[in-house]
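Residue numbering for the sequence shown follows the UniProt record's numbering, beginning at 1 and increasing consecutively. Notes follow the structure.
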Amino acid sequence: MDASVGDNTKITWGGLYQRKHTKPDDWGVALNLPRDTYLGYNWNKGIYDKATAFAEVEHYFNDNWRYTGKLDYNYNENTKKNSGIYNTSTSYTGYTPGGTLASGWLSRYDNDEKQLTFKNNLNGKFEIAGVPQEIFTEYTYTHTKNNGSRRQYNPGVSFDPMTFTGNEIAEPADWYATPYQMYWETHSKRTTHALLLGFRFNMLKEKLHIMAGTRWNHIKSKYITDYFYTDGKIDNDPDSVTDRKTVRFNPYFAVTYDLTPNQSLYASYTSIFKPNSNQRKDKSYLDPVTGANYEIGWKGEWFERKLNTSFALFDIEQKNRAVQIWDTVDQKWYWEPVGKVRSRGIEAEISGNLSEDWKLFAGYTFNWSKYLEAESKGTVPAGTNFSLHTPKHMLRLHTSYNLPFDSKKWTIGGGVTAQSKTASLYGVKRGGHAVLNANIDYQASKNLKLALISTNLFNRYYYENNKVSSKGANNYYGEPRNVMFNVNYKF
């Protein structure tokens, strides 16, 4: 809802409540099993509750200066109970008839999170020597509180996936009964203050535009981990308590030059900074993820801005990305940084109207990545591709056309998404594939529109890209052919 207060102020407020039920499938299937295979237990369930309330004010001081303030409160609560059969061992050679897969731990996760955010923006325009300039300011306060728990039992049994029904093991009657194989709780608090100051300068008869600014982040966090049971035994180790304060400036810079009223060149630099809540084996926090994002490109508009085109080169460098490692001695997870990585590539895109009746979107991405420095554990050498699960080549194409009869009420469309081969960290290779989609629309009246839509038109079998796919787990088939009939009526 919204309301006006005078001529220059508008207040908006609202809320949202959402409940979602899911059937978790955390481990996928072993390779070469049928596409309709589900290797989770029938009692697997996820319940997610989300509640949001917000209030926003917008005020114009005059034609050049505008203030917006927004207060957000979010509450999320979820419970997930799940397990299944799988084999994540890198030595597993694949399923053979009559073979079995071990049951994973029966697990229950409970989590709740509260977050309060207050965001303020003051943007204005001013002149220097008669040339309009712009200034952007922002202050954001965020406070987040999170509580989580995880309970696990190890049934120690295996089943043949070809005869698996999901009823082999019942859900624990009491998830709070002991002894547990594993049981731990986490509690965290984080408070963030962020200040942003930026300018847009226009020069050379407003053909040259320079944007420059910085973001100041002050982050204070506290993280507590308490293990009650480890490997089936009471864990008397003291709580892991980590307090951390981080202060960081993140600059950014961009320049745009208008070659013509419809063609421009640009270049940009953005500093990357993301605090790490993950902990090493010694309980110390990993250093923040840092790096830089560079991009240069060209943008063009055609046919009175009805058709847009762009071409860009990008270079992204990051350091201290985290990878999770299982401690076989202490039976606990910990994290390590994965060295320094780089991703470079090309993006090209065209979208809009080729004519009054013909619409087109086409996009192509080339991505190349590697480790600039080896992992801290020394398991991956410099020069190795760090993102094998990301295709080097990706193509997206869709077009639609209004048929020239029956007052152009009929529209046909089609498209394709295609990608090159990929692989996982564990040597599972995926061939390249293409998926075709099609649709036909009928504008029955001014208010009524009917549409028949088919995705994966030829019912292509393929696996989704997954970083941790192995021969015995974490393989997910892409969506099969799906046909939908939509009715859209506007009142």
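Glycine included, C-beta positions come from ideal geometry on N, C-alpha and C.
Proximal residues to residue i (C-beta, below 6 Å), its chain only, five neighbours per side dropped
i	result
Gly69	Val57 and Asn120
Tyr17	Ala51
Asp441	Thr411 and Ala451
Thr137	Leu122 and Leu197
Tyr48	Lys20 and Asn78
Ile453	Asn439 and Met484
Arg35	Tyr477
Tyr67	His59 and Leu122
Glu464	Tyr476 and Gly478
Ala3	Ile11
Tyr266	Thr256 and Gly297
Option in the options with minimal Cα separation from residue i
i	options	result
Asn293	Lys125, Arg344 and Asn276	Arg344
Phe311	Thr399, Ser240 and Ala362	Ala362
Glu317	Glu304, Trp368 and Ala348	Trp368
Glu356	Ile346, Phe164, Tyr401 and Thr96	Tyr401
Gly6	Pro34, Phe61, Gly14 and Phe54	Phe61
Thr411	Asn465, Gln443 and Lys319	Gln443
Gly130	Asn202, Gly415, Pro179 and Phe118	Asn202
Arg215	Leu208, Leu196, Arg200 and Lys222	Leu196
Asn488	Ile169, Lys45 and Leu448	Leu448
Arg280	His433, Asp231, Ser407 and Tyr334	Tyr334
Asn353	Arg342, Asp239, Phe303 and Gly414	Phe303
Gln181	Phe273, Ala170 and Arg108	Arg108
Pro337	Ser469, His218 and Tyr285	Tyr285
Gly40	Thr163, Ala55 and His143	Thr163
Phe366	Pro391, His398 and Asp287	Pro391
Leu425	Leu259, Asn236, Thr270 and Val323	Val323
Ala55	Gly156, Ile11 and Tyr75	Ile11
Ser351	Asn320, His393, Lys299 and Lys319	Lys299
Phe491	Lys446, Tyr462 and Asp243	Lys446
Lys306	Asp406, Leu360, Asp287 and Arg342	Leu360
Leu372	Trp358, Lys421, Thr399 and Arg342	Arg342
Val247	His218, Lys233, Gly46 and Asn466	His218
Phe249	Tyr266, Thr242, Val255 and Pro275	Pro275
Tyr364	Lys370, Asn385, Met394 and Lys340	Met394
Asp174	Asp235, Tyr153 and Trp13	Tyr153
Beta-bridge pairing of residue i - partner residues as DSSP gives them
i	result
residue 501	Given that the chain is displayed from residue 1 to residue 491, the structure contains no residue 501 and the question cannot be resolved.
Arg35	Arg35 is not bridged to any residue.
Met394	Thr365 and Gln419
Gln181	According to DSSP, which records beta bridges pairwise, Gln181 is partnered with nothing at all.
Ala451	Asp441 and Asn486
Ser387	Note: Ser387 sits in no beta bridge, so no partner.
Phe61	Paired residues: none, contrary to the question.
Thr214	Leu197 and Pro251
Asp72	Phe54 and Thr117
Ser424	Its beta-bridge partners do not exist; DSSP assigns none.
Ser158	Ala102
Met203	Leu208
Ser221	Arg190 and Arg244
Contact set for residue i: own chain, Cβ-Cβ below 8 Å, skip 5 residues either direction
i	result
Ala423	Leu388, His389, Lys429 and Arg430
Gly378	Any reading at Gly378 needs caution, since the residue's pLDDT is 48, under 50, leaving its predicted position unreliable; the model's value is listed next. Taken in chain order, the list of residues that qualify is empty.
Asn8	His59, Tyr60 and Phe61
Pro404	Asp357
Glu127	Gln133
8 Å contact criterion, which residue i and residue j should meet: CB distance rounded
i	j	result
Leu257	Ser268	Correcting the residue identity first, residue 257 is Tyr in this sequence and not Leu. Not really, about 13 Å apart at Cβ, beyond 8 Å.
residue 492	Ala473	Since the first residue of the chain shown is 1 and the last is 491, residue 492 is not available in this structure.
Lys471	Thr93	7 Å
Phe273	Glu295	The Cβ separation is near 18 Å, so there is no contact.
Pro172	Leu106	6 Å
Lys189	Ser240	The pair is not a contact, with the Cβ atoms about 15 Å apart (cut-off 8 Å).
Glu349	Thr309	7 Å
Thr192	Thr142	4 Å
residue 492	Glu134	Given a span of 1 to 491 for the chain in the structure shown, any question on residue 492 remains unanswerable.
Gly213	Tyr252	6 Å
Gly414	Asn437	7 Å
Asp287	Asn262	With a Cβ gap of about 45 Å, Asp287 and Asn262 do not count as contacting.
Close-in-space but distant-in-sequence residues of the same chain around residue i (CB under 7 Å, 5 per side omitted)
i	result
residue 492	Outside the shown range of the chain (1 to 491) lies residue 492, about which nothing can therefore be said.
Asp237	Tyr227
Pro155	Ser103, Leu106 and Ile169
Gly14	Met1 and Phe54
Minimum Cβ-Cβ distance from residue i to chain E less than 8 Å
i	result
Ile85	The chain labelled as chain E is not found in the depicted structure, where only one protein chain is given.
Original post:
Three or more beta-carbon pairs under 8 Å between the segment 178-188 and the segment 216-232, yes or no?
Top reply: yes
Original post:
Does the segment 15-32 come close enough to the segment 70-89 to have 3 or more Cβ pairs within less than 8 Å?
Top reply: Yes: at least three Cβ pairs fall under 8 Å.
Original post:
Is it a yes or a no for the segment 474-486 touching the segment 447-463, going by three-plus beta-carbon pairs under 8 Å?
Top reply: yes
Subject >> At least 3 beta-carbon pairs within less than 8 Å: the segment 138-156 vs the segment 103-113 >> reply: yes
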